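The structure appears below as C-alpha cells.
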C-alpha cells in the first residue's frame, strides 16, 4: 500500500504542470501545523509535532532523492496511523466475554443476575433484534468480500454492529473508526479487533488518500469491511440523506479477482445497507448542536450540556437503560447491491436486469473491449450506488415512540411559537411553554396514521406499539423513553401538560422522522449538500 501511494504521488508531481514534491510536502506541513494548533496536548500530538518539525528542517536542503524519502516517511506514518491490527486472541476473548459483561452492566452488576447470565443465554440477545435480509448477508459473505454500510448516529454503533456481526455468525470485519475514540478500553480492543482509524481533522490530500488506498488494498485482498458511507455520525439524528462518495471507494472501478476467496464473484463487491434504530441515543451536544444552524452560521455559540459524563459512564448508563426500560435495538439488514446500485440475486451470485437476465459488472467498465479506468464514469456509478443506499436506509428505518412523540410535540410548538428560524425556535422552548397533552395525543394520532400508510407503501418500518395503539399509549411510551437515561429528562408530564426540558435533544429525536413529509411540516434540519 505504501509503495502504491508513493508511486502515485511521484507520478503526479513529475508530469507536466505538476507542483513538485517540495510543494506537496510544504502543503502537508502547513495543514498539519494548523491542525495541531487546535489539537489536545497529548502524546500523539507531541509526536506528530516532533515528526513535522524534523521534516521541516530537512526539506530546504533535501535533494530529489531525499524528497522522495520524505514523502515515503510521511505516507508510512499516515498508513501506520490508520491501520488496525487484528489479533485473533482478542477477538475470541471479546466474543466470549463481551455479551456477558454487557448483560452484567445492564443488570446493574447484580451478582445473582450476572451468575444467571453466565449459566444461560445473554440477555443482550433479547434486546438486539436482527431483522431484514440477514440470510442474504450471510449468503453474499459466504461467497467472499462484502461491504456492510450501516447508518451512524451514535458512538456506540460500532460496538452494536460488531456484536451483530458475531450474532449473525459472519467472519470478523475490517471497519473504520475515529482517531478520537478516547475511552482507552474499547479503543484498545477495537484496534486489535481490526479497526482502521481515521479523523476528519486532516484536511490535506496526503492523509485522506491513504485511507482510500488502504480500503482498496483491503478489498483486493478479500477483506470483509464495515464502514459508515455517510462519513461521521449524523449530527442531527436524521437518517443519512447523502453518502460520502469518497468513502464508497468507487468499488466498481476495480472489480478485484479476490484470490483469497477462490470463488467466482460475478456480482462484483456486494454492498449491503444496514439501518440501526433504537429508542434512545448517546449523543454529543456540541456536535449535534451544529446541525441546528445553516452553513453560514456555524460560529453562533451553542448551549453546553448540563454535566459532563465520562465516556465509560455513558456506555454503562445506556446499557442499563436498555434493560431497565425493556427497550429494543433494531439492526435491519437491507438487500445486497452491486457496486453500481443494482440488486444482487444471492442464490445466483449475479445482478439481474429487470427481465431477470444476469448482468456482467465487467461490461460497465469496458471501452473497446478492455477494462479502462475512467474517474468521471466511476463517480457517476458511485452516485447511483449512493442513491440506492439512501433509499434503503430510509425504507428500513424503524419508527419508534420516542421519535413519534418528539416529532408531534415539536410540530405543535412550532405552530404555537411561530419563530422565524430553527435556532430561535429551540431557544424559545422551555418550562414556560407547556403544551396540553390532549393536543399532542391528537397530533400523534395523525402522525401514526401517516406512518402506517408509509409502511404499507414500503417506505418505512414501524416498531412495536405503533400499529394498533392510540395516541395516548404512544405518548406514554415516548415519555417513558425520553424521561430516563439523559442527565435531564427531554420531556416531562406535569398534570395535564407536557413540558420540554431539553429542546436540543427533542430536536435530535424528532429528526429521525425528517424527510418523510409528515404532518405537512417543513424541513427543520438544514438540508445536506453534495459531497
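In this note's numbering, the protein residues as written are 5 to 535.
The C-beta atom is built at its ideal place from N, Cα and C for all residues, glycine as well.
Note that this is a predicted model, so its numbers are computed, not measured.
**OP:** Using alpha carbons as the reference points, say which of 144, 475, 471 and 69 lies closest to residue 412.
**Re:** As a first step, residue 412 must be located in the chain shown, where it is residue number 408. Closest by alpha carbon: 475.
Original post:
Along the chain, where does the alpha helix (DSSP H) that runs through residue 334 open and close?
Top reply: Along the chain shown, read from residue 1 onward, the residue named residue 334 stands at position 330. Note, residue 334: premise wrong, no alpha helix (DSSP H); beta strand (DSSP E) at 333 to 337.
Original post:
Whose C-alpha, out of 399, 54, 355 and 403, is nearest the C-alpha of residue 338?
Top reply: Here residue 338 is taken as the residue at index 334 of the chain shown, counted from 1. For the residues 399, 54, 355 and 403, the minimum Cα distance to residue 338 belongs to 399.
Original post:
Per DSSP, residue 492 forms a beta bridge with which residues?
Top reply: In the chain shown, residue 492 corresponds to position 488, counting from 1. Bridge partners of residue 492: none, in fact.
Original post:
So, residue 541 versus residue 242, is the Cβ gap smaller than 8 Å?
Top reply: Beyond the ends of the chain as shown, which are 5 and 535, falls residue 541; an answer cannot be given.
Original post:
Which residues bound the beta strand (DSSP E) around residue 280?
Top reply: Here residue 280 refers to the residue found at position 276 when the chain shown is read from its first residue. It spans 275 to 282 - the beta strand (DSSP E) in which residue 280 sits, taken as one unbroken run.
**OP:** Give me the Cβ distance between residue 478 and residue 448, rounded to the nearest whole Å; I'm assuming they're in contact under 8 Å.
**Re:** For this step, residue 478 is matched to residue 474 along the chain shown. For this step, residue 448 is matched to residue 444 along the chain shown. With a Cβ gap of about 5 Å, residue 478 and residue 448 count as contacting.
**OP:** Step through the CB atoms of chain C and report whether any lies within less than 8 Å of the CB of residue 347.
**Re:** No chain C is present in this structure, which holds just one protein chain.
Original post:
Just the Cα atoms here: how many angstroms apart are residue 10 and residue 83?
Top reply: Indexing the chain shown from 1 puts residue 10 at position 6. Indexing the chain shown from 1 puts residue 83 at position 79. Between residue 10 and residue 83, the C-alpha separation is close to 11 Å.
Subject >> Nearest candidate by alpha-carbon position, reference residue 217, set 360, 177 and 86 >> reply: Taking the chain shown and counting its residues from 1, the one referred to as residue 217 is at position 213. Residue 86 is the option with its Cα nearest to residue 217.
Original post:
Given 8 Å as the limit, is there contact between the stretch 140 to 151 and the stretch 335 to 354, that is, 3 or more CB pairs closer than that?
Top reply: yes
Original post:
Start and end of the alpha helix (DSSP H) containing residue 154?
Top reply: Position 150 of the chain shown, counted from the start, is the residue given in the question as residue 154. Careful: residue 154 lies outside any alpha helix (DSSP H), inside the beta strand (DSSP E) at 151 to 154.
Original post:
Is the Cβ-Cβ distance between residue 278 and residue 365 less than 8 Å?
Top reply: Reading the chain shown from its first residue, position 274 is the one you call residue 278. Reading the chain shown from its first residue, position 361 is the one you call residue 365. Not in contact: residue 278 and residue 365 (Cβ atoms no closer than 8 Å).
Subject >> Host alpha helix (DSSP H) of residue 136 (start-end) >> reply: Reading the chain shown from its first residue, position 132 is the one you call residue 136. Not the alpha helix (DSSP H): residue 136 falls in the beta strand (DSSP E), residues 132 to 136.
Original post:
Helix, strand or coil for residue 362 per DSSP?
Top reply: Sequence index remark: in the chain shown, residue 362 carries index 358 (1-based). Note: residue 362 maps to strand in three-state DSSP.
Original post:
Would you say residue 439 and residue 336 are within 8 Å of each other, going by their C-beta atoms?
Top reply: For the purposes of this step, residue 439 is taken as residue 435 along the chain shown, with counting starting at 1. For the purposes of this step, residue 336 is taken as residue 332 along the chain shown, with counting starting at 1. No. Outside cutoff.
**OP:** Could you please give the first and the last residue of the uninterrupted beta strand (DSSP E) stretch that includes residue 502?
**Re:** Working through the chain shown from its first residue, we reach residue 502 at position 498. Taken as a continuous stretch (DSSP letters only), the beta strand (DSSP E) holding residue 502 covers 501 to 504.
Original post:
In chain order, what residues of the same chain have a beta carbon less than 8 Å from the beta carbon of residue 173, not counting five sequence neighbours either side?
Top reply: Numbered from 1 along the chain shown, position 169 holds the residue referred to as residue 173. These residues qualify, in order along the chain: 142.
Original post:
From the DSSP output, which residues share a beta bridge with residue 349?
Top reply: Here the question's residue 349 lines up with position 345 in the chain shown. Paired residues: 354.
Subject >> Same chain, Cβ closer than 8 Å to residue 456, neighbours up to 5 away in sequence not counted >> reply: Residue 456 sits at position 452 when you count from the first residue of the chain shown. Excluding positions up to five away in sequence, the list reads 466, 470 and 471.
**OP:** Quickly, what does DSSP pair residue 403 with across the bridge? List them, please.
**Re:** Here residue 403 refers to the residue found at position 399 of the chain shown. Answer is 466.
Subject >> Residues near residue 410 by beta carbon distance below 6 Å, same chain, minus five either side >> reply: Within the chain shown, residue 410 is the residue found at index 406, counting from 1. For residue 410, where only same-chain residues beyond five positions count, the Cβ hits under 6 Å are 510, 513 and 514.
Original post:
Going by Cα to Cα distance, which pick from 64, 176, 36 and 161 is closest to residue 94?
Top reply: For the purposes of this step, residue 94 is taken as residue 90 along the chain shown, with counting starting at 1. Nearest C-alpha to residue 94: 176.
Subject >> Residue span of the alpha helix (DSSP H) that contains residue 32, given as start and end >> reply: As a working note, residue 32 is residue 28 in the chain shown. Where residue 32 is concerned, the enclosing alpha helix (DSSP H) stretches over 25 to 41.
**OP:** Return the residue from the list 490, 437, 523 and 464 that minimises the CA-CA distance to residue 498.
**Re:** In the chain shown, counting from the first residue as 1, residue 498 sits at position 494. The candidate whose alpha carbon is nearest that of residue 498 is 437.
**OP:** State the Cα-Cα distance for the pair residue 15 and residue 363, rounded to the nearest angstrom.
**Re:** On the chain shown, residue 15 is found 11 positions in, with the first residue counted as 1. On the chain shown, residue 363 is found 359 positions in, with the first residue counted as 1. Computed Cα separation, rounded: 35 Å.
Original post:
Going by other Cβ atoms of all chains shown within 10 Å of its Cβ, with 16 needed for buried, is residue 69 buried or exposed?
Top reply: Along the chain shown, read from residue 1 onward, the residue named residue 69 stands at position 65. With fewer than 16 Cβ atoms within 10 Å of its Cβ, residue 69 is classed as exposed.
**OP:** Classify residue 374 as helix, strand or coil using the three-state DSSP reduction.
**Re:** Along the chain shown, read from residue 1 onward, the residue named residue 374 stands at position 370. Residue state, collapsed to three classes: strand.
Subject >> DSSP three-state assignment for residue 520, whether helix, strand or coil >> reply: Numbered from its first residue, the chain shown carries residue 520 at position 516. Three-state DSSP puts residue 520 in coil, outside helix and strand.
Original post:
So which of 158, 361, 169 and 369 has the shortest CA-CA distance to residue 283?
Top reply: As a first step, residue 283 is located in the chain shown; it is residue number 279 there, counting from the start. For residue 283, the nearest C-alpha among the options comes from 158.
Original post:
Candidates 481, 500, 56 and 6: which alpha carbon is nearest residue 443's?
Top reply: In the chain shown, the residue the question calls residue 443 occupies position 439. Of the listed residues, the one whose Cα sits closest to residue 443 is 500.
Original post:
Of the choices 240, 418, 428 and 387, whose alpha-carbon is the least far from that of residue 518?
Top reply: In the chain shown, residue 518 corresponds to position 514, counting from 1. Minimum Cα distance to residue 518 is reached at 240.
Original post:
According to the Cβ coordinates, are residue 79 and residue 6 closer than 8 Å?
Top reply: For the purposes of this step, residue 79 is taken as the residue at position 75 of the chain shown. For the purposes of this step, residue 6 is taken as the residue at position 2 of the chain shown. A contact, by the Cβ cut-off of 8 Å.
**OP:** Please look up how many angstroms separate the CB atoms of residue 343 and residue 150, rounded, as I've assumed it's under 8 Å.
**Re:** Locating residue 343 in the chain shown gives position 339, counting from the first residue. Locating residue 150 in the chain shown gives position 146, counting from the first residue. Not confirmed; about 11 Å, so no contact.
Original post:
Beta carbon of residue 394, beta carbon of residue 495: below 8 Å?
Top reply: By 1-based counting over the chain shown, the position of residue 394 is 390. By 1-based counting over the chain shown, the position of residue 495 is 491. No, the pair does not count as a contact, with Cβ atoms beyond the cut-off.
Subject >> Separation of residue 419 from residue 431, as counted between CA atoms >> reply: Here residue 431 refers to the residue found at position 427 when the chain shown is read from its first residue. Here residue 419 refers to the residue found at position 415 when the chain shown is read from its first residue. Looking at the two C-alpha atoms, the distance is approximately 15 Å.
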